[in-house]
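Report on one structure; see the data block that follows.
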Amino acid sequence: MSTLICGTCGAPLSAQKARPLAPGKGAKTPATAVPASRSKISHQPAPVKPAYKPKKSKPRKKRKSMFQKVLSEAFDVIEDIFD
Numbered sequence: 001m002s003t004l005i006c007g008t009c010g011a012p013l014s015a016q017k018a019r020p021l022a023p024g025k026g027a028k029t030p031a032t033a034v035p036a037s038r039s040k041i042s043h044q045p046a047p048v049k050p051a052y053k054p055k056k057s058k059p060r061k062k063r064k065s066m067f068q069k070v071l072s073e074a075f076d077v078i079e080d081i082f083d
């Protein structure tokens, strides 16, 4: 069983003091039902969406140039000498 609590302070409603309401305050009863505006209803067909969404392709990774390959091999050889 759940108890009602105050939305502001979280105190149980059974523990709060009954206070008179100021004019214009408190729960309002709903007015007569107002029909939705008919001018907003559209009888046009929905726009056609594409059957599938093309996927974005990943950017291609650049290949190492010949100079970079030679330079990295030379660096590896020099590193092996010192190890």
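Numbered according to the UniProt record's numbering, the sequence shown spans residues 1 to 83. All residues carry an ideal CB built from backbone N, CA and C; glycine is no exception. Please read all numbers here as calculations on a predicted model, not as lab measurements.
Leaving out five residues on either side along the sequence, give the residues of the same chain with a beta carbon under 6 Å from the beta carbon of residue i.
i: Leu4; result: Leu13
For residue i versus residue j, is the C-beta spacing smaller than 9 Å?
i: Lys62; j: Ser72; result: no
When DSSP builds the beta bridges, which residues end up paired with residue i?
i: Ile5; result: Pro12
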